[in-house]
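Asker: Before I ask anything, here is the structure I am working with.
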Amino acid sequence: MAKVNDNYLKLPGSYLFSTIGKKVSAFQAANPDKAVIRLGIGDVTQPLAPAIIDALHSAVDEMGNAETFRGYAPDLGYEFLRNAIVENDYKARGCTIEADEIFVSDGAKCDSSNIQEIFSLDNKIAVCDPVYPVYVDSNVMAGRTGTYDTKSETWSDVIYMPCLEENGFAPELPKETPDLIYLCFPNNPTGATITKSQLQEWVDYANKTGAVIIYDAAYEAYISESDVPHSIYECEGARTCAIELKSFSKNAGFTGVRLGYTVIPKELKCGQTALHGLWARRHGTKYNGAPYIVQRAGEAVYSEAGKAQLKKQVAYYMNNAKIIKEGLKDAGFTVSGGVNAPYIWLKTPDKMTSWDFFDYLLEKANVVGTPGSGFGPSGEGYFRLTAFGTYENTLAAIERIKAL
Ligand SMILES: Cc1ncc(COP(=O)(O)O)c(C=O)c1O
């Protein structure tokens, strides 16, 4: 008889955003006259930039012509895209990364959840708390996290690194030594970043202990301060301890187009085994590549026109971030984030729980945000608003919150 993977049964509740979606649908069904503004899920609202649309159109035309038609993409992704990534995301920042160390994919969600597969189940993971829930959930599905304690909302075999107001939302080196360390900066959900020297400490720590850092830089395009690193490879020694994940979703609006990449330097080893070869094997066996037309669209992100247009798009969202942050401050909230990231992290008023504040905001202001506790136990008492809405909706939402 077929048996299921029991680890899936250990997962508490549904994925955070499914729960939010159900609550909002129920509210909307009961209140059809109310215009709900969604500043919850981190999905973008601005259309694709013209340079990207042009690249998509011409790639579609190529696919309709026998001479230029393309079938399966090369395992690691097309060279034109990998070369553009190397030039713009790495060489331009003084980082040494080669094109054959880039693995093009359909996004960072898949990569961040699949990467754990190449590591033994014996590895102990460390995560920032709060953080993007996919890191822990994918390790639960694999059977690496032990048992769940409903009271503390923690897994017995996960090292949680609290990121709180007291430590500037930056994790401290854990007391117990982990094998795999997930770091995400700029952080989802807190919007916090760490400086290059803080990240260097993590790189030194990983090299000393033999741990591997999985560095999720999905929000790198939103960095505005000069001492915040855009890539972990800006740190000395990162080639021997770090994997980097990148996405085209937030810098270029590809949430529905789907494109991302993972970097695994060839020097990165566990014992004698190079991780590059393992991930190449996995990629070749389980994945058939991002579509040609999407990879051409990705290449356009790095064109001069693409860069200029996307700079404006990022500025548009960061203006929303400013409106949210300043507006909430004026209304008396304690807020952080929103400077190097499109997320604003606020403390719930009057010691309300995150979910109570979610319900309150939905019912009284018809605004949807994300409860901090959905990102980990240390997120309790906090709430996330995103800057990815339209300018008009952002203004309206803040006016409604101010009027509460
Ligand atoms: C930290 C982080 N990593 C990865 C992703 C997913 O990126 P993608 O759209 O490329 O799958 C998100 C999406 O919200 C995210 O917040």
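In numbering that gives the first Met the number 0, the protein residues as written are 0 to 403. Every residue gets a Cβ at the ideal spot worked out from N, C-alpha and C, and that includes glycine. Since this is a predicted model, take the numbers as computed values, not measurements.
1) Could you tell me whether any non-hydrogen atom of ligand 1 is closer than 7 Å to the CB of Cys127?
2) Could you give the first and the last residue of the continuous beta strand (DSSP E) run that contains Lys245?
3) Under 8 Å by Cβ, that's how I've got Pro170 and Tyr221 pegged, so tell me the actual separation to the nearest angstrom.
4) Taking the DSSP output, what are the residues bridged to Phe102?
5) Of all the options Asp60, Gly336, Ala50 and Leu244, which has the alpha carbon lying nearest to the alpha carbon of Ile323?
6) Residues near ligand 1, CB to any non-hydrogen atom under 5 Å, in chain order?
7) DSSP state of Met160, grouped into three classes?
8) Can you tell which of Trp354, Asp99, Asn4 and Ser111 has its C-alpha closest to the C-alpha of Ile212?
9) To the nearest angstrom, report how far apart Ser57 and Ile292 are at their CA atoms.
10) Assuming Pro188 and Pro129 make a contact with CB atoms under 8 Å, what is their CB distance in whole Å?
11) Run through DSSP, which three-state label would Val135 get?
12) In three-state terms, what does DSSP make of Leu274?
13) Tell me where the alpha helix (DSSP H) around Asp110 begins and ends.
14) Does the stretch 304-322 come close enough to the stretch 383-392 to have 3 or more Cβ pairs within less than 8 Å?
15) Can you check DSSP and say which residues form a bridge with Val211?
16) Using CA atoms only, rank isn't needed, just tell me which of Glu200, Val3, Gly255 and Glu224 is closest to Met140.
17) From the DSSP secondary-structure annotation, give me the bridge partner or partners of Lys268.
18) Can you tell me whether DSSP reads Asp128 as helix, strand or coil?
19) Hey, quick one: how far does the beta strand (DSSP E) through Tyr342 stretch, first residue to last?
20) Just to confirm before moving on: does the CB-CB distance between Gly371 and Lys350 stay below 8 Å?
21) Arg143 by DSSP, collapsed to three states: which one?
22) For Gln312, is the classification buried or exposed, using 16 other Cβ atoms within 10 angstroms of its Cβ as the cut-off for buried?
23) Could you check what DSSP says for Phe382 in three-state terms: helix, strand or coil?
24) Closest by CA to Asp105, which one among Gln199, Tyr260 and Gln115?
25) Applying the criterion that 16 or more other CB atoms from any shown protein chain within 10 Å of the CB defines a buried residue, is Pro341 buried or exposed?
26) Is the stretch 68-84 touching the stretch 279-286 in the sense that three or more CB pairs, one from each, lie closer than 8 Å?
27) Taking the straight line between their C-alpha atoms, what separation do you get for Gly236 and Val202?
28) From what residue to what residue does the alpha helix (DSSP H) around Gly20 run?
29) Quick one: what's Pro370 bridged to in DSSP?
30) In terms of residues, what are the limits of the alpha helix (DSSP H) holding Val334?
31) What distance in whole Å lies between the Cβ atoms of Pro132 and Phe374, which are believed to be in contact at a cut-off of 8 Å?
32) Under 7 Å Cβ to Cβ from Phe16, same chain only, skipping five residues before and after it: list those, please.
33) For Arg69, does the three-state DSSP call read helix, strand or coil?
34) So Leu179 packs on Ile124, CB below 8 Å; how close in whole Å?
35) Could you say which of Glu97, Tyr181, Ser13 and Asp136 lies nearest to Arg238 if we only look at CA atoms?
Answerer: Concretely, from the data shown:
1) To locate residue 127, count along the sequence shown from 1; it is residue 128. Not under cutoff, so the answer is no.
2) On the sequence shown, residue 245 is found 246 positions in, with the first residue counted as 1. Per DSSP, Lys245 belongs to the beta strand (DSSP E) from Ala241 to Ser246.
3) Walking along the sequence shown from the start, residue 170 turns up at place 171. Walking along the sequence shown from the start, residue 221 turns up at place 222. Pro170 to Tyr221, Cβ: 20 Å. No contact.
4) Position 103 of the sequence shown holds residue 102. Beta-bridge pairing links Phe102 to Thr261.
5) Mapped onto the sequence shown, residue 323 falls at position 324. Checking every option, the nearest Cα to that of Ile323 belongs to Gly336.
6) Gly41, Gly106, Ala107, Lys108, Tyr131, Cys183, Asn187, Asp215, Ala217, Ser246, Ser248 and Gly259
7) As a position in the sequence shown, residue 160 is number 161, starting the count at 1. Correct three-state label for Met160: strand.
8) Looking up residue 212 in the sequence shown gives position 213. Comparing Cα-Cα distances from Ile212 to each of Trp354, Asp99, Asn4 and Ser111, the minimum goes to Ser111.
9) Walking along the sequence shown from the start, residue 57 turns up at place 58. Walking along the sequence shown from the start, residue 292 turns up at place 293. Between Ser57 and Ile292, the C-alpha separation is close to 8 Å.
10) To locate residue 188, count along the sequence shown from 1; it is residue 189. To locate residue 129, count along the sequence shown from 1; it is residue 130. At roughly 6 Å, the Cβ-Cβ gap stays under 8 Å, so Pro188 and Pro129 are in contact.
11) For the purposes of this step, residue 135 is identified with residue 136 of the sequence shown, where counting begins at 1. Residue state, collapsed to three classes: helix.
12) Taking the first residue of the sequence shown as 1, we reach residue 274 at position 275. Three-state DSSP puts Leu274 in a helix.
13) The count along the sequence shown starts at 1 and reaches residue 110 at position 111. Counting along the chain, the alpha helix (DSSP H) containing Asp110 begins and ends at Ala107 to Asn113.
14) yes
15) Here residue 211 is taken as the residue at index 212 of the sequence shown, counted from 1. Answer by DSSP bridge pairing, in chain order: Leu179.
16) Position 141 of the sequence shown, counted from the first residue, corresponds to residue 140. Here the closest residue by C-alpha is Val3.
17) As a position in the sequence shown, residue 268 is number 269, starting the count at 1. DSSP output for Lys268 lists Ala273 as bridge partner(s).
18) Within the sequence shown, residue 128 is the residue found at index 129, counting from 1. Three-state DSSP puts Asp128 in a strand.
19) Translated into positions along the sequence shown, residue 342 becomes position 343. Note, Tyr342: beta strand (DSSP E), Tyr342 to Lys346.
20) Locating residue 371 in the sequence shown gives position 372, counting from the first residue. Locating residue 350 in the sequence shown gives position 351, counting from the first residue. For Gly371 and Lys350, no; Cβs fall outside 8 Å.
21) Counting from 1 along the sequence shown, the entry for residue 143 is found at position 144. Looking at Arg143 - three-state DSSP - the assignment turns out to be coil, as it is neither helix nor strand.
22) Position 313 of the sequence shown, counted from the first residue, corresponds to residue 312. When all chains shown are included, Gln312 counts as buried.
23) Locating residue 382 in the sequence shown gives position 383, counting from the first residue. Three-state result, Phe382: strand.
24) As a first step, residue 105 is located in the sequence shown; it is residue number 106 there, counting from the start. Residue Tyr260 is the option with its Cα nearest to Asp105.
25) Locating residue 341 in the sequence shown gives position 342, where the first residue counts as 1. Pro341 is buried by the Cβ-count criterion.
26) yes
27) Along the sequence shown, read from residue 1 onward, the residue named residue 236 stands at position 237. Along the sequence shown, read from residue 1 onward, the residue named residue 202 stands at position 203. Taking the straight line from one Cα to the other gives about 7 Å.
28) Working through the sequence shown from its first residue, we reach residue 20 at position 21. Element bounds for Gly20: Leu15 to Ala29.
29) As a position in the sequence shown, residue 370 is number 371, starting the count at 1. Looking at the DSSP assignment, Pro370 forms a beta bridge with Phe382.
30) Here residue 334 corresponds to residue number 335 of the sequence shown, with the count starting at 1. No alpha helix (DSSP H) contains Val334, which is instead part of the beta strand (DSSP E) from Val334 to Gly336.
31) Within the sequence shown, residue 374 is the residue found at index 375, counting from 1. Within the sequence shown, residue 132 is the residue found at index 133, counting from 1. Indeed they touch by this definition, with Cβ atoms about 6 Å apart.
32) Position 17 of the sequence shown, counted from the first residue, corresponds to residue 16. Spatial neighbours of Phe16 in its own chain (CB-CB distance under 7 Å, excluding positions within 5 residues in sequence) are listed in chain order as Ile40.
33) Working through the sequence shown from its first residue, we reach residue 69 at position 70. Three-state result, Arg69: coil.
34) In the sequence shown, counting from the first residue as 1, residue 179 sits at position 180. In the sequence shown, counting from the first residue as 1, residue 124 sits at position 125. With 8 Å as the limit, Leu179 and Ile124 qualify as a contact, their Cβ atoms being about 5 Å apart.
35) For this step, residue 238 is matched to residue 239 along the sequence shown. Out of Glu97, Tyr181, Ser13 and Asp136, Glu97 has the C-alpha closest to the C-alpha of Arg238.
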